[in-house]
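Numbering (UniProt numbering), first residue to last: 1 to 122.
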């Protein structure tokens, strides 16, 4: 599983690849854009279905909360690796490939709980 280090507020956190939704996009197209951003052209992955397989909601820290923007929702989509050479992938951020058992070493507990809720044991 691919984890990337992303800045959320003033913290650098390990997360599954994600991108901010843009007006006019479907949730699936946002997920496809996030994968393309992190994986580039050397790796092909396919999203399974049009509906998210999970959701994680959280509130922003009080210092950056506004009346109109209290928090965020992160929608998760299942995907599988179709082809590609991971050794040629030049990711733009810090990244890790980890197993399901290693997720707890990198993810915050509340985020990990949501992620574990939709992972498949293959």
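Ideal Cβ placement from N, Cα and C applies to all residues, glycine included. Given the structure is predicted, the values throughout are model-derived calculations rather than measurements.
Close-in-space but distant-in-sequence residues of the same chain around residue i (CB under 6 Å, 5 per side omitted)
{"i": "residue 57", "result": "73"}
{"i": "residue 75", "result": "27, 52, 55"}
Rounded straight-line distance, which links the Cα of residue j to that of residue i
{"i": "residue 17", "j": "residue 117", "result": "17 Å"}
{"i": "residue 65", "j": "residue 8", "result": "13 Å"}
{"i": "residue 23", "j": "residue 32", "result": "15 Å"}
{"i": "residue 62", "j": "residue 83", "result": "43 Å"}
{"i": "residue 48", "j": "residue 14", "result": "23 Å"}
{"i": "residue 95", "j": "residue 2", "result": "7 Å"}
CB contact below 9 Å: residue i versus chain B
{"i": "residue 51", "result": "Among the chains of the structure shown, chain B does not appear; only one protein chain is present."}
First through last residue of the beta strand (DSSP E) which encompasses residue i
{"i": "residue 2", "result": "2-8"}
{"i": "residue 13", "result": "11-15"}
Closest by C-alpha distance to residue i, when choosing among the options
{"i": "residue 30", "options": "51, 112, 1", "result": "51"}
{"i": "residue 180", "options": "28, 97, 70, 48", "result": "The structure shown does not extend to residue 180, since the chain spans only 1 to 122, so no value can be given for it."}
Where the alpha helix (DSSP H) containing residue i begins and where it ends
{"i": "residue 108", "result": "Per DSSP, residue 108 belongs to no alpha helix (DSSP H) and is neither H nor E."}
{"i": "residue 103", "result": "Unbroken run through residue 103: none, as it is neither H nor E."}
Residues near residue i by beta carbon distance below 7 Å, same chain, minus five either side
{"i": "residue 119", "result": "100"}
{"i": "residue 46", "result": "79, 80, 82"}
Cutoff 8 Å; reference residue i; Cβ partners in own chain excluding five residues on either side
{"i": "residue 35", "result": "17, 45, 47, 79"}
Every unbroken beta strand (DSSP E) inside the stretch 48-101 [3 residues or more]: 54-59, 71-76, 79-84, 95-97
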